[in-house]
Amino acid sequence: MINLNVYSQNHRKELEQLLESSEWQRVIKSGLVDEVKNEKLKPNKVRNFIDTVIQQLLKFNEERVKKLYSEHNLDDEEIFAELSKWPEDMDDSEPVISFLGLNLTPECNFRPKCLYCNQPWTESKLTIQDWKDIIKEVTEDVREEGPYIYFTGGEPLLLGEDLWGDNGLIKYATERGAGLNVNTNASMITPEIALRFIKSGLGRLHISLDTSDKDTQNFLFGGERFDRVMQGIYNIQIARDLVGVGYPIIHTNCVLTKKNMEHFPELFQFILDKHKQTGDKSDPFFNDLFTHVVPVGGDENEDIRPSAEDFRKFYTETWETVSNMWSEYQDKMGVPPDKRGELFGYFSNPFLRVKHKGGIDAYVKEAAKGRYGSLALSDQCYVAPTQAAFTPDGKQYRCGSHAIRHVLPLGSFPDSGVFDNIKAGISSAAMLPQEKYCYGCALATLYINQSVESKLKEKVKEIKSV
Ligand code: SF4
């Protein structure tokens, strides 16, 4: 029996109504819920992004650097330079990757597409078997934890059963030990697909939700799509509760534009009202539906990009408002002060999450030009050899940011394998980051690079102290 008492009264009514719909009743009568209960796969644990970089750099360099230091009078910078160097030749070892981004299709069911969509058109050349072969290669070495695979598009659900079916990509990747995420507009998530996601072991969904104001959201979506998107989200909530599992977790992506940035506190309240009412940090749904703030990208979006003053207001006043709302919510849920989750980590904002040279004054000026990562780039890009991103034409890039802008491809699948392409690009990785290629570096990768840098600096101290 499904227990929807974990939701707010209003939201419970919405879910109960949806559960009574003919679509849900037909799926329940078909026996699919029991099939999923009996045959479901569990999401796999994924590798830590920062440790995956550090472990490989230390494997390649630690003993050599210790020897060098014992023989020469190296200063901190020289030790760091040697320690953080990827080898030019990796012929004797295979890279270990923690992130694989697969842009499965350029097609989207939203026509016209979302107002801010800056996804360039790319011809689809890879077959489902090619995508499986890519996944196979990067999961050959999985023991306890696997790479995190991010399926995106276009709209990946257009692949249908090839994505979520018993022979689909999600199930295939879960069986091979990867952790999975699907980035979708949610409009195609029917009751059946919500249940099939669980059966296949899907761990996470990233769903676009920019505002709780229906008219503004439909304007940004380019059509009357808000209700269908919310229904897709609610179908996942019902499916999880029917099967009795804590996955897939839903995160939302809020693309910040001039049109919706003032609505952010209302969006946050909407999320608090719709997510499971829990004050327990260990509950998998503690941060369910929480939003990642993504300032709008693409040169073509200049007219809807917030100004420097808009950004300043958002990262100071607006953020303080939502932080207070989060505190009040936790008060209401009776969470003791030492058990509280702050709006940090994934759910922090792009200004607070990483260090930007020059602080907020410099950051907001760059942000107004759409160059969100420029001031947070590390001296080197340490993370690139631990990740791979593919576009539908089979081209492989060092990261999602390069893939979306088609910058510096490393090679093409199936002409050359994923690891061969990473190895071939290792020597030129030393030239990165460069502002012209990397100003759009994703927040998560900026964070990983900054964290790797500070961990390696700790390691320098350790080497000197021995
Ligand atoms: S954008 Fe540049 S710095 Fe960022 S991950 Fe890609 S290559 Fe590295």
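So the sequence shown is numbered by the numbering used here: it starts at 21 and just counts up by one.
Just so it is clear, CB atoms sit at the ideal spot from N, CA and C, and this is done for glycine as well.
Everything numeric in this text was worked out from a predicted model, so none of it was measured.
The beta carbon of proline 285 sits no closer than 8 Å to any heavy atom of the ligand SF4. A direct Cα-Cα distance of roughly 19 Å separates alanine 214 from leucine 124. Distances between the C-beta of proline 453 and the heavy atoms of the ligand SF4 include at least one below 8 Å. In this structure, the ligand SF4 has a non-hydrogen atom nearer than 8 Å to the beta-carbon of tyrosine 457. For alanine 388, the distance from the CB to the nearest heavy atom of the ligand SF4 is not below 8 Å. Rounded to the nearest angstrom, the Cβ distance from glycine 223 to proline 412 is 23 Å, too far for a contact under 8 Å.
Apart from sequence neighbours up to five positions away, the residues of its chain that approach proline 453 with a beta-carbon distance below 6 Å are Leu397 and Cys401, ordered along the chain.
Of all C-beta pairs linking the stretch 252-270 to the stretch 203-220, three or more are shorter than 8 Å, placing the two stretches in contact. Segment contact: the stretch 160-169 against the stretch 53-69, three or more CB-CB distances shorter than 8 Å; contact assigned. Burial state of histidine 376 is buried, judged by a 10 Å Cβ sphere holding 16 or more other Cβ atoms.
As summarised for the stretch 82-161, the continuous beta strand (DSSP E) elements at least 3 residues long and confined to that stretch are 119-123, given in chain order. Apart from sequence neighbours up to five positions away, the residues of its chain that approach lysine 443 with a beta-carbon distance below 6 Å are Met110, ordered along the chain. With a minimum length of 4 residues, the unbroken runs of alpha helix (DSSP H) contained wholly in the stretch 227-295 fall at 234-241, 246-263 and 284-294.
The Cβ atoms of tyrosine 136 and glycine 390 do not sit closer than 9 Å to each other. Closer than 8 Å to some heavy atom of the ligand SF4: that does not describe the Cβ of alanine 450. Burial state of glycine 180 is exposed, judged by a 10 Å Cβ sphere holding fewer than 16 other Cβ atoms. Distance from the Cα of lysine 145 is smallest, within the candidate group Glu127, Lys279 and Val158, for Glu127. In the DSSP assignment, the residues bridged to arginine 224 are Asn201 and Ile269. Around the beta carbon of methionine 451, fewer than 16 other beta carbons sit within 10 angstroms, so the residue counts as exposed. DSSP places phenylalanine 439 inside the alpha helix (DSSP H), whose first and last residues are 438-444.
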